[in-house]
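Quick note on numbering: the sequence shown equals residues -26 to -1, 1 to 873 in mature numbering (1 follows the signal peptide of the UniProt record, and there is no 0).
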Amino acid sequence: MKNRCKYFILPILLFISTGMMNPAFAQDQPEAVDLKWLSGGAPEVAGGVSWGVPWGRGEVQPDETFNLQGGNGENIPVQSWTMAYWPDGSVKWTGFAMSTAPSHGTNFELQAGQESASGEQEIKIRESDTTWEIDTGPLQVLIAKWGGDVIRYMKVDGKTVASNGNLVAIIQDGPELNAWDSPEKQKFNSKVEKVTIEQEGPVRAVVKLEGTHKAPRTGEELLPFVVRLYFYADRKPVKMVHTLIYDGDQDQDFIRGAGIHFKVPMREEMHNRHVRFSGQDDGLWAEPIRPMIGRGGRYVRDGDTDDDVYPKQLDGKRIPNKNELTDRDRYYLSDWAVWGDFKLNQPNADGFTIEKRTDDHSAWIPAGAGKRSNGLFFAGDVSGGLAVSLKDFWQSYPSSLEIQNANEAAADMYVWLWSPDAPAMDMRHYDTKPHGLESVYEDIQQGFSTAYGVGRTSELMLYPTAGVPEKAEMAKMAEEGSKPAMVVASPEYYHSTDMFGMWSLPDRSTPFKRQIEDQLDAYIDYYQTSVEQHNWYGFWDYGDFIHSYDWERHVWRYDLGGMAWQNTELMTDMWLWYSFLRTGRADVFRMAEAMTRHTQEVDVYHMGRFAGLGTRHSVRHWGGGAKEVRVSQAPLKRFFYYLTTDERTGDLIRQTTEDATDAIAKLDPMRIAMPLENPDEFPYPARLRLGPDWLALAGNWMTMWEMTGDEKWKELLYNGMDSISEFSLGFMSGENLVVGFDPETGELFQLSDEKGRYNLATIQGGGEVGTELAELVDHEGWKKAWLQYARLARAPKEVILKDMETWSEGSDGQYARSDRMAAYAYYKTGNPAYAERAIEHLTSRRAAAAQQTEEIMPPEVLNPVTEARWVTTNTAGQWSLNAIQILEMVSDELPRRAP
């Protein structure tokens, strides 16, 4: 079991033992940090929340204490842990957790150097030989250390309201080749193999469960999973984060259904049992399983008022048991139908249906319909029950919510992440014939279009109850489950801590700046519109954008090779996260969150031969033949990790960093573009490009170094920087920037004295990583090499060689690229020639592309479309990233007049 202290001790010792601990830590406490809810308003359902706060270098020490005060003046118990360190050993990011209440208000003040308030109720964890029991006060949850259940039981007020929580999957043996074909199906159940208490109170506990799915009939095992359960002191709601990894044969193992199952005890009589489904917004479908309504004038009377009990029943209130009724009322009650099974199906993003039936010998009948359910349902009786919410329910179709056997001693609840009522999940590539780079920008290689090892993560909220919640309360649960509360600081505060390198705050103080800000907003708005108009939704797709637009068909090129799904190309993830950091917009946060959840799971391999690498853009997310670390790199993930403290993302950062270094050594990224004549005679363990490959690895090592303080990562990083600083042409050494690489040491080896240039070197996150490194570390060789590259990226070899002596060539800016790198050159030198080059980027024709729109109407298109024909996602991401950074680094050289 881990306790809070252990989160600090290992990294601290590592810093101390290597002489990194700075004895001159700042003695003055930092000013209080103002925090607020992301959405503006306080959550209306009491629960829990975790978030991260950054600190400036040297401001906070690892053993710091914190006090959190709500907007109502109340001191709130808060749990804290260190997430990242500056190179001097001071704290860079702190994770926080609190139990939430509407009374806390909309704003908070966080003060370092003060003790946290103590809560009346703290989480308790009790261990036996076979189980863990988590006790939050009002809720007790039993978790077995191994076996079939993820949750053995959930108790409220000492009464079990849910049990036998397990994972289920249905595997279909091959595709359905025609309408009358019915391949064999087999049910798999969860097999828990490892349980870890990752964090233990006083405010929050985190339990991690790992295992796989096993078929009871054959013993076959498939689909590894990772589940985390989050508990908060004095609260009943439990957050579940569920990850599924595909490890099947994509030509044979078709997933027909995948989800989570719970048993809900039904102790009360039929008319006191209830089922509910959330619809869109505040919509709620709420019915008892035996509605107490008959033909005109036939109803059950209230014993006290003689009124019809039906309205009271519909509100979920207790109705007298059958033996308390009159003979007349018992007769009616006995003759009214009992409905045992219910389901809500969301087969697409634009429609759901609700059906019910009395039993499995009878027909389903339609019971309701709507457009977009926000994904909550409830089963229980007036003594207790369980509500479950699936985040991004309609966005991640085909999904469904199902209740079986509500008329039995225990109902079965199924949260179907992939609905069994939908066609089977098909993981195959979109074509059996490869298509080439020249014709469709596609890079297909034999055996590489595989889904083996990709994953998908879903978030759920479990709401155990002591009765049937009021309808308004259930609508609030549905809202909270679909858009969980999040605590954030202001953009100004994030900016003040020098977090994530160079980026600007919005500034509309001049016509020029106002126009650039309008163009940045236009790109965000256009992609929000495109997601909706072009239906970028679905279990495997939601969160991603498409690469290129087809203005003849008036659609994005969803079916055209490398022009389809973006898969992080040119850093759309970073664009969205920097856009959130600088604006604080909740809608942008949700876009960035969805993209990161997608790209770090679906576009990356978590097991198998490509573990640690990601896939280049393609029609299927795993279809491209280029498997590269630029797609899987940690710098894409750390925004979400640090802001939310999400442990799954932390796992992926660690896993990717561990796996990618070896993976890139085994799979030469230049094996096709620059094949070796005699691979067996190559003198070094591996090859890579300085950019994007080494910069992506450097971003991994930088992130792991700051997360752990482990010198291993620093050594890999510094050895690479040492090598580059000694190359004859610095960062521009070697054809296509290709160099030798030793994955054990991180050393790089110059392969030729040719001046290298590679168009992807810094536009796949490398520009951000390289600049952040130059400002972060005390490595003069790297600082000089990176600045030289910023000044002379387009210079001929002889100029670079001369610059190795003078360090002053290209002062007129002619060799600098017109992008963020020129801005960095100005930032470091103050030479306005570089600022002029950078500003050229802001005024290029690409800047206003998203503002040049027209409406395309049927019958030219299926549905009305807002079209900006010159926009590509590469352009949107890179122009925006450059603008956000250039505005910061050349702010004092920007013209006043709009271009």
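Ideal placement from N, C-alpha and C gives every residue a C-beta, glycine not left out.
Helix or strand or just coil, what does DSSP make of V713? Taking the sequence shown and counting its residues from 1, one reaches residue 713 at position 739. If DSSP states are grouped into helix, strand and coil, V713 belongs with the strands.
DSSP three-state assignment for K98, whether helix, strand or coil: For the purposes of this step, residue 98 is taken as the residue at position 124 of the sequence shown. Here K98 sits in strand by DSSP.
Rank G270, L196, V201 and D334 by C-alpha distance to the C-alpha of K168 and give the top, closest one. Within the sequence shown, residue 168 is the residue found at index 194, counting from 1. The shortest Cα separation from K168 among G270, L196, V201 and D334 belongs to V201.
L855, buried or exposed, once every other Cβ within 10 Å from all chains shown has been counted against 16: The residue labelled residue 855 in the question sits at position 881 within the sequence shown. Buried, because 16 or more other Cβ atoms sit within 10 Å of the Cβ of L855.
Does the distance from the C-beta atom of A361 to that of Y426 stay below 7 Å? Position 387 of the sequence shown, counting from 1, holds the residue named residue 361. Position 452 of the sequence shown, counting from 1, holds the residue named residue 426. No. Outside cutoff.
Just the C-alpha distance for L836 and Q502, rounded to the nearest angstrom, thanks. For the purposes of this step, residue 836 is identified with residue 862 of the sequence shown, where counting begins at 1. For the purposes of this step, residue 502 is identified with residue 528 of the sequence shown, where counting begins at 1. Taking the straight line joining both Cα atoms gives about 19 Å.
Collapsed DSSP secondary structure at V212 in the structure displayed: Residue 212 sits at position 238 when you count from the first residue of the sequence shown. Here V212 sits in strand by DSSP.
Beta-carbon contacts of K161 that lie in its chain and below 6 Å, excluding the five residues immediately before and after: Looking up residue 161 in the sequence shown gives position 187. If we look at K161 and ignore the five residues flanking it on each side, its Cβ neighbours are I144.
Out of I219, T589 and G253, which one is the CA nearest neighbour of G344? Locating residue 344 in the sequence shown gives position 370, counting from the first residue. Out of I219, T589 and G253, G253 has the C-alpha closest to the C-alpha of G344.
Hey, how far is the Cα of R791 from the Cα of N733? Numbered from its first residue, the sequence shown carries residue 791 at position 817. Numbered from its first residue, the sequence shown carries residue 733 at position 759. If I take the Cα positions, the gap works out to 11 Å.
Would a C-beta distance cut-off of 7 Å place K445 and A260 closer than the cut-off? The sequence position of residue 445 within the sequence shown is 471, counting from 1. The sequence position of residue 260 within the sequence shown is 286, counting from 1. The answer is yes: Cβ separation under 7 Å.
On the premise that G111 lies in contact with D208, defined as a C-beta separation below 8 Å, what is that separation, rounded to the nearest angstrom? For the purposes of this step, residue 208 is identified with residue 234 of the sequence shown, where counting begins at 1. For the purposes of this step, residue 111 is identified with residue 137 of the sequence shown, where counting begins at 1. Indeed they touch by this definition, with Cβ atoms about 5 Å apart.
Distance between R402 and D138 (C-alpha atoms, nearest Å): Position 164 of the sequence shown holds residue 138. Position 428 of the sequence shown holds residue 402. Checking the sequence shown, residue 138 turns out to be Asn, not Asp. Roughly 34 Å between the two C-alpha positions.
List the endpoints of the continuous alpha helix (DSSP H) containing K365. Numbered from its first residue, the sequence shown carries residue 365 at position 391. Counting along the chain, K365 falls outside any alpha helix (DSSP H), and DSSP gives it neither H nor E.
What are the partner residues of L183, as DSSP defines its beta bridges? On the sequence shown, position 209 is the one that residue 183 refers to. Answer is V169 and V201.
Which residues does DSSP pair with L318 in a beta bridge? Within the sequence shown, the letter at position 344 stands for residue 318. Note: L318 sits in a beta bridge opposite I328 and L375.
Check whether G122 and W67 have beta carbons under 7 Å apart: By one-based count along the sequence shown, residue 122 stands at place 148. By one-based count along the sequence shown, residue 67 stands at place 93. Cβ atoms of G122 and W67: not closer than 7 Å.
Three-way DSSP call (helix, strand, coil) for W530 in this model: In the sequence shown, counting from the first residue as 1, residue 530 sits at position 556. Reduced to three states, the DSSP call for W530 is strand.
With a threshold of 8 Å on Cβ separation, who are the neighbours of E172 within its own chain once the five nearest residues in sequence on each side are excluded? Along the sequence shown, read from residue 1 onward, the residue named residue 172 stands at position 198. Hits under 8 Å: K(-25), V180, V181, K182, R202 and E621.
Going by DSSP in three states, A91 sits in which element: helix, strand or coil? Within the sequence shown, numbered from 1, the residue matching residue 91 stands at position 117. Coil at A91, not helix or strand.
Per-residue DSSP class, three states only, for I50: For this step, residue 50 is matched to residue 76 along the sequence shown. Strand.
Would you mind reading off the limits of the beta strand (DSSP E) that contains N81? As a first step, residue 81 is located in the sequence shown; it is residue number 107 there, counting from the start. Unbroken beta strand (DSSP E) run through N81: N81 to A86.
State the Cα-Cα distance for the pair W551 and N805, rounded to the nearest angstrom. In the sequence shown, counting from the first residue as 1, residue 551 sits at position 577. In the sequence shown, counting from the first residue as 1, residue 805 sits at position 831. Near 30 Å, if we compare the C-alpha coordinates of N805 and W551.
Output the residue ranges of the beta strand (DSSP E) runs that lie fully inside the stretch 567 to 597 and measure 3 residues or longer, sorted by chain position. none
8 Å Cβ shell around M448 - same chain, five flanking residues per side excluded: Counted from its first residue, the sequence shown places residue 448 at position 474. So the list reads R250, S252, L258, A260, L350, F352 and A361, once near-sequence residues are dropped.
Quick one: Cα of K296 to Cα of Y305, how far? If you number the sequence shown from 1, residue 296 lands on position 322. If you number the sequence shown from 1, residue 305 lands on position 331. Answer to the nearest angstrom: the Cα atoms are 10 Å apart.
What residue does the alpha helix (DSSP H) around V743 start on, and which one ends it? Indexing the sequence shown from 1 puts residue 743 at position 769. From DSSP, the alpha helix (DSSP H) with V743 extends over G740 to L750.
Opposing strand residues paired with K10 [DSSP bridges]: Locating residue 10 in the sequence shown gives position 36, where the first residue counts as 1. Bridge partners of K10: N81 and V462.
Cβ contact check for the stretch 753 to 761 and the stretch 688 to 702: 3 or more pairs under 8 Å: yes
Buried or exposed by the 16-neighbour rule on C-beta atoms within 10 Å, applied to G185: On the sequence shown, position 211 is the one that residue 185 refers to. When all chains shown are included, G185 counts as buried.
Using a threshold of 7 Å, state whether the C-beta atoms of A600 and D395 are closer than that. Translated into positions along the sequence shown, residue 600 becomes position 626. Translated into positions along the sequence shown, residue 395 becomes position 421. For A600 and D395, no; Cβs fall outside 7 Å.
So G624 is in the alpha helix (DSSP H); what residue range does that whole segment cover? As a working note, residue 624 is residue 650 in the sequence shown. E621 to K640 is the span of the alpha helix (DSSP H), which, as asked, contains G624.
Quick check on DSSP: helix, strand or coil for A759? Indexing the sequence shown from 1 puts residue 759 at position 785. Correct three-state label for A759: helix.
Apart from the five residues just before and just after T546, which ones in its own chain have a Cβ nearer than 7 Å to its Cβ? Here the question's residue 546 lines up with position 572 in the sequence shown. Hits under 7 Å: F519, Q540, M569, T847 and G851.
Which of helix, strand or coil does DSSP assign to G231? For this step, residue 231 is matched to residue 257 along the sequence shown. Residue state, collapsed to three classes: strand.
Can you tell me the Cβ-Cβ gap for N46 and Q88, rounded? I've got them flagged as a contact below 8 Å. Walking along the sequence shown from the start, residue 46 turns up at place 72. Walking along the sequence shown from the start, residue 88 turns up at place 114. About 18 Å; that fails the 8 Å criterion.
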